[in-house]
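Here's the structure we're looking at; comments come further down.
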Amino acid sequence: PATTCTWVLLVLGKVCWHLLPPDAEDEPARPASEEWEVEQGIGEVLLLPPGWHCQALFEDRSLAVLGQQLPEASQASAAAEATRRFGLPAEQPARCASE
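All the letters of the sequence shown, read from the start, carry residue numbers -24 to -1, 1 to 75 under mature numbering (1 follows the signal peptide of the UniProt record, and there is no 0).
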């Protein structure tokens, strides 16, 4: 989701990343100068902020460990987006199993 922070630790190999800022989907014909290209080497960590778009080209054998975090400030918008996308009912109060 566009609301998460992602980190990628490269353990083996080399990765070429193409990164686009969050507003890239609003302007499909944006200049190539606004696209970032980053080469990640062994032992390096890439941090992808919320909303950024990426494409990764893993060259040869590669091993990466990654994680995602949903910042507290993004939790409400992520819940609303999930509700909208999956057609879930509006949030209802939680109930204990004994009730």
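Where a beta carbon is used, it is the ideal one built from N, C-alpha and C, also for glycine.
Residue range of the unbroken alpha helix (DSSP H) whose run includes residue i
{"i": "Glu35", "result": "Per DSSP, Glu35 belongs to no alpha helix (DSSP H); it is in the beta strand (DSSP E), 29 to 45."}
8 Å contact criterion, which residue i and residue j should meet: CB distance rounded
{"i": "Ser50", "j": "Val(-10)", "result": "Actually they do not touch by this definition, with Cβ atoms about 25 Å apart."}
{"i": "Ile18", "j": "Leu42", "result": "With 8 Å as the limit, Ile18 and Leu42 do not qualify as a contact, their Cβ atoms being about 15 Å apart."}
{"i": "Thr(-21)", "j": "Ser53", "result": "Contact flag wrong, Cβ pair sits at about 11 Å."}
{"i": "Gln31", "j": "His(-7)", "result": "4 Å"}
{"i": "Trp(-18)", "j": "Leu33", "result": "So it is not a contact: roughly 19 Å between Cβ atoms."}
{"i": "Glu10", "j": "Pro(-3)", "result": "11 Å between Cβ atoms; not a contact."}
Those residues which DSSP pairs with residue i across a bridge
{"i": "Val21", "result": "Leu(-16)"}
{"i": "Gln51", "result": "For Gln51, which the question treats as bridged, DSSP gives no partner whatsoever."}
{"i": "Glu13", "result": "His(-7)"}
Cβ-based burial, residue i [other Cβ within 10 Å; buried from 16]
{"i": "Pro25", "result": "exposed"}
{"i": "Leu64", "result": "exposed"}
{"i": "residue 82", "result": "Outside the shown range of the chain, which is -24 to 75, sits residue 82, and nothing can be said about it."}
Contact the segment 13 to 29 vs the segment 52 to 63: 3+ CB pairs below 8 Å: no
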